[in-house]
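Numbering that gives the first Met the number 0 numbers the first residue of the sequence shown as 0 and each following residue consecutively. Working notes, beginning with the structure itself.
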Amino acid sequence: MKKELPSKLYDLIPSQETMYLMVKYSFSKQITQIPTSITVDMDVDFDILTKALNIEFERNDSLRLRFMKVDKQIKQYFLPSFKMNKVPMKYFRSVEEQKAFFGKDGQTPVKFLKGESFRIYFYKIADGSSGIYLNVSHLNMDALGAVVFYLDLMGVYQALKTNSELPDPLYSYEEYIQQELEKVASKKRWDKHEKWYREYFAKGGEPFYAAVHGPEFLEKYRAKKKNPDLRVPAAYNPIYDKCSMYNGHINAEDAAKIFEFCKAHSIAPESVFMMGLRTHCSAINYRINDVFMMANCSKRATVKEKRMGGCLDQPVQVRTILSEDQTFMDGVNEYTSVRTQLYRHVEYPYITARDMSRDMYNYNLIQGPACMMFSWIPLPVGMDLGFKFDFQFYDLGRYFTPLYTICTPNPVDNGIDLNYMYRVKLSEQSHIEVLHKNCMKVVLAGIENPDITIKELLDMCN
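As structure tokens, this is what we get:
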């Protein structure tokens, strides 16, 4: 007997299509999940937390989102209800033991096409802290969606424990999906974005792969193809996608300086960090003035979007061409300008934009100019939540770009964490250690003296 289909089936929206693309061509099928945890500084009543979780399933419809194939196409639907009356529970003797356990689970695929959209654990550590671990399909949720989940769940928990009113409801991800599908169907919008992207990719000519591991891979590719002018090698091979993670950290004093600089100049931290990273990539790649990165646009600009679960993320392709006589501030402003322009056209699907650039420069399926993916996750540091927390992002073990840099404020010590997930086939840990060291040199020198030239900053990286 043929299985009866759900009454409402939706196509994937562009954000989800991008996440599905990552796993579609992956041999390991483990790069489409978001493994994170939140540890709170209190003794949690897990019976009450379980009740709160079941209320969260009602409030946060992205947790009730499921996927299936219909005529070889991915479709999605929402369960009317879902409950977990018994949540897996773990007790750890130390934080190190906790991180090791969830680090292993983070590299185990979430089988989103077999009914498993997420895995949840509650846990307790011998030091008295308690926590929640979520490993969720990236089609259900992005990293900021996971933060929304944790904070809303803890808000519901506190309301139940104190017998007070629940937090304001979350907004519907299903409605967001419906609106996104309507936008995709608008030819007028589509044509406007396509025209802009075509001009964006043409400006400056063919981009350059300024690798975090230096130019050796490009030079080998040039020799193989007998073409010394090649600018973009085949670095996106899905067979060699194994990753490791290096954790960089910025202390509270330096973090405060960075945030103060951003506030004084009305800029986002992404622009500062991307400027630091790109300067190192330029320095080790013939001091090339053309650096191409991808950055995640969270698409959570409105109050409604910030109070919603789901996957809203859309990668944008950030290209900057900067001369050595320009200043650090010029570079930061250029990043802000380019990202702002890209965000205005973020409705245009990343996959479509990527295919356009591939056709323009005749790239094969595993060629791409982006040296890394960058994400800034703005955790609510300094807010009175009723508890202190530690947020952890775990290594996926596999990834599609040569490097994924995940940058977050550290709520424990008020510093900043930079988690570098790098492909081991292309880079060694020593490459990433130097990248982090030089990035911080550039950032701290630049915020102290915004008029320092890019030439001076490049010299510092040697």
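Backbone N, C-alpha and C fix where the C-beta goes; we use that ideal spot for every residue, glycine too.
Practice problem: Work out the CA separation of Arg286 and Leu456 for me, nearest whole Å. | Solution: Their Cα atoms are separated by approximately 11 Å.
Exercise. Could you give the DSSP three-state label for His248: helix, strand or coil?
Key: His248: strand per DSSP, three-state reduction.
Quiz item: Are the Cβ atoms of Tyr398 and Cys296 separated by less than 7 Å?
Solution: Contact flag unset, no.
Quiz item: In whole angstroms, what is the alpha-carbon distance linking Leu180 and Leu64?
Solution: In this structure, the alpha-carbon of Leu180 lies about 16 Å from that of Leu64.
Quiz item: According to DSSP, is Thr400 helix, strand or coil?
Solution: Note: Thr400 maps to coil in three-state DSSP.
Practice problem: Identify every run of the alpha helix (DSSP H) within the segment 119-181, keeping only runs that are complete inside it and at least 4 residues long; order them along the chain. | Solution: Listed in chain order, they are 142-161.
Quiz item: From which residue to which residue does the alpha helix (DSSP H) around Val94 run?
Solution: Looking at the DSSP string, the run of the alpha helix (DSSP H) that includes Val94 is 94-105.
Quiz prompt | Arg487 versus Leu150, Ala125, Glu3, Gln15, residue with shortest Cα-Cα distance | solution = Look at the range of the chain in this structure, 0 to 461, and you will see that residue 487 is not part of it.
Quiz item: Is Leu4 buried or exposed, if buried means 16 or more other CB atoms sit within 10 Å of its CB?
Solution: Its Cβ having fewer than 16 others within 10 Å, Leu4 is exposed.
Quiz item: So, do the segment 43-51 and the segment 12-24 have three or more beta carbon pairs nearer to each other than 8 Å?
Solution: In short, these stretches do not touch, since the Cβ pair count stays below three.
Self-check item: Cut-off 6 Å between Cβ atoms - residues of its own chain near Arg230, not counting five sequence neighbours on either side
Solution: If we look at Arg230 and ignore the five residues flanking it on each side, its Cβ neighbours are Glu205, Phe207.
Quiz item: What's the C-alpha gap between Glu427 and Ile415?
Solution: When rounded, the distance between both Cα atoms is 23 Å.
Exercise. Could you pull the start and end residues of the beta strand (DSSP E) that Asp289 belongs to?
Key: In the DSSP annotation of this structure, the continuous segment of the beta strand (DSSP E) that includes Asp289 starts and ends at 289-296.
Quiz item: Under a three-way DSSP split, which group does Cys406 fall into?
Solution: Strand.
Quiz item: Beta-carbon separation of Ile119 and Val147 under 7 Å?
Solution: Against a cut-off of 7 Å, the Cβ pair of Val147 and Ile119 comes out as no contact.
Self-check item: Ser356 in three-state terms, based on DSSP
Solution: Ser356 falls in the helix class under three-state DSSP.
Quiz item: Which stretch, first to last residue, makes up the beta strand (DSSP E) that contains Asp416?
Solution: Asp416 -> beta strand (DSSP E) spans 415-422.
Quiz item: Do three or more CB pairs link the segment 332-342 to the segment 90-98 at distances below 8 Å?
Solution: With a cut-off of 8 Å, the segment 90-98 and the segment 332-342 do not count as touching, because too few Cβ pairs lie within range.
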